[in-house]
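Student:
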Amino acid sequence: MKINGIHHVAMIGSDYEKSKQFYAEILGLKIIAENYRLERASDSLDLQADPNRIELF
């Protein structure tokens with residue numbers, strides 16, 4: 001099987017707000033979605049890191 005690329009990488013941070021600030025404000029990645037996950041009682045953030053995405057929890 002040949003791997004053509006990676007769609008996204010999921011990461012769990014110890015401080016969601018600090019991680020969000022780092023990736024969006026300091027690194028300048030574009031926020032493409034932010035959701036509250038009721039079943040996990042936590043937030044999730046999708047960031048565009050062309051051509052890939054980072055999913056942050």
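Going by the UniProt record's numbering, the letters in the sequence shown line up with residues 1 to 57, in that order.
Beta carbons are placed, not taken as given, at the ideal position from N, Cα and C, and that holds for glycine.
Roughly how many angstroms lie between the CA atoms of K20 and A10, to the nearest whole one?
Tutor: Position 20 of the sequence shown, counting from 1, holds the residue named residue 20. Position 10 of the sequence shown, counting from 1, holds the residue named residue 10. So the two alpha carbons sit approximately 13 Å from each other.
Student: What runs of the alpha helix (DSSP H), each 4 residues or longer, lie entirely inside the UniProt domain "VOC" (5-57)?
Tutor: Listed in chain order, the complete alpha helix (DSSP H) runs (minimum 4 residues) inside the UniProt domain "VOC" (5-57) are 16-21.
Student: Would you decide whether Y36 is buried or exposed? Buried here means 16 or more other CB atoms lie within 10 Å of its CB.
Tutor: One-based indexing of the sequence shown puts residue 36 at position 36. Under this definition Y36 is an exposed residue.
Student: Cβ atoms of A33 and D46: under 7 Å apart, would you say?
Tutor: Translated into the one-based positions of the sequence shown, residue 46 becomes position 46. Translated into the one-based positions of the sequence shown, residue 33 becomes position 33. Yes, these two residues count as a Cβ contact at 7 Å.
Student: For a quick check, are the C-beta atoms of R53 and H8 less than 7 Å apart?
Tutor: As a first step, residue 53 must be located in the sequence shown, where it is residue number 53. As a first step, residue 8 must be located in the sequence shown, where it is residue number 8. Yes.
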